[in-house]
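Data first, discussion second: the structure below is written as structure tokens.
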Amino acid sequence: MKYNSFFNMVILVLTVLAAAPALTFITVFAHEGGHGLLIVPAIALNGEMPDMPTEQSEVWNPFPNFPAGVILFLLSFPLGVVANGLISWLAFKNARPFTLEQSVTRSVLTGIFLSLCIMNFKGVLSNVFGQDFSFVWEFLQVPYQQDSVRTLLKAGAYLVFPAYIVMKEKADCTLVASVSASTFFGSYLTGTLLFEPLQEEMMTHFWWLFILGVPVLVITVVVLWLRVRTQDV
């Protein structure tokens, strides 16, 4: 059965929307897992879960039993972006070929991998021009927190990047546009209905985000990498 009907397009869109919570979970926790590659060893060497800073803390070292851990903590700042970038690249390679002329199952897999690719590319943009690199933009006095900047980042992830894929890969425009739009709405709904209500709870268990993120990152990268190797054989 070829993926060439309106009904099958609806299946693709609904599948990407349904997968949005899981893909968002992977994107968010893999980012924290990138930081965790250095932070988790610091927590282990500290021997106990670090405390969060308080308003009275003038100098904050979350690792009192392993003071050098703060160096690992600071050095971890770019690793979340690296993690999202790596997953985006691997998902991109898994999504090929970007065509409707394949089975329904394969087209749905293309949609899921492309959605994961776009989400993680958005994660790269949001964190390079966001909290992870905030010290750079504050030093340069760039208003990175303005709504206009966030709008540009969304346009880059959901419009410019898909257009680049269409041109570079000669991808099917309908497929890429449908996946990009579904990813945008799926991410928005997941963030609004799931992650925003859990924001306070997640911050309460701040250090666990890194601990849980490491296996999410490792498993995701290994699975995507093995699948790429299988396709190349």
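Each residue of the sequence shown is one higher than the one before, starting from 0 at the first, in numbering that gives the first Met the number 0. We treat Cβ as the ideally placed atom computed from N, Cα and C, and that holds for glycine.
- Comparing C-alpha distances from Val-215 to each of Met-8, Leu-16, Gly-155, Val-27 shows the shortest one belongs to Val-27.
- The straight-line gap separating the alpha-carbon atoms of Phe-128 and Leu-44 is approximately 32 Å.
- Going by beta carbons, Ser-181 and Met-8 fall outside the 8 Å limit.
- Shown here, Ser-102 sits in a strand according to DSSP, grouped into three states.
- Between Asn-126 and His-34, the gap from beta carbon to beta carbon reaches 8 Å or more.
- A distance below 7 Å between beta-carbons, with the five flanking residues on each side excluded, links Val-220 to the following residues of its chain, in chain order: Leu-85, Ile-86, Leu-89.
- In the structure shown, Ala-19 falls within a helical segment according to DSSP collapsed to helix, strand and coil.
- Distance between Thr-173 and Val-148, taken at the CA atoms: about 28 Å.
- DSSP places Glu-47 in the coil class of the three-state scheme, outside both helix and strand.
- Within the same chain, and ignoring the five residues on either side of Phe-76 in sequence, the residues whose Cβ sits closer than 6 Å to its Cβ are Asp-131.
- Scanning its chain for C-beta atoms nearer than 7 Å, with the 5 sequence neighbours on each side dropped, one finds around Ala-94 the residues Thr-109, Phe-112, Leu-113, Cys-116, in chain order.
- In the structure shown, the three-state DSSP call for His-30 is helix.
- A Cβ-Cβ separation of about 7 Å places Asn-64 in contact with Glu-47 under the 8 Å criterion.
- Nearest Cα to Leu-151 within the set Phe-134, Leu-124, Val-217: Leu-124.
- Cβ neighbours of Leu-78 within its own chain (closer than 7 Å, five residues either side excluded): Gly-33, His-34, Leu-36, Leu-37.
- Taking 8 Å as the cut-off, the Cβ atoms of Ile-42 and Trp-224 do not count as close.
- Leaving aside the five residues that flank Thr-23 on each side, the residues in its chain whose CB is nearer than 8 Å to its CB run, in chain order, Met-118, Gly-185, Ser-186, Thr-189, Gly-190, Leu-193, Phe-194.
- Judged by beta-carbon spacing, Thr-14 lies within the 8 Å limit of Val-107, meaning their Cβ atoms are closer than that value.
- The residue from Val-135, Leu-73, Gln-144, Ala-21 with its alpha-carbon nearest to that of Val-39 is Leu-73.
- The beta carbon of Gly-155 sits closer than 7 Å to the beta carbons of Leu-124 from its chain, once the five residues preceding and following it are set aside; these are given in chain order.
- Burial state of Lys-167 is exposed, judged by a 10 Å Cβ sphere holding fewer than 16 other Cβ atoms.
- Considered as a whole, the segment 116-183 harbours 133-138, 146-154, 160-168 as its complete alpha helix (DSSP H) runs of no fewer than 4 residues, in chain order.
- Just measuring C-alpha positions, the residue of Pro-49, Gln-140, Pro-161 sitting nearest Phe-97 is Pro-161.
- In this structure, DSSP gives Ser-114 a helical state, which the three-state scheme calls helix.
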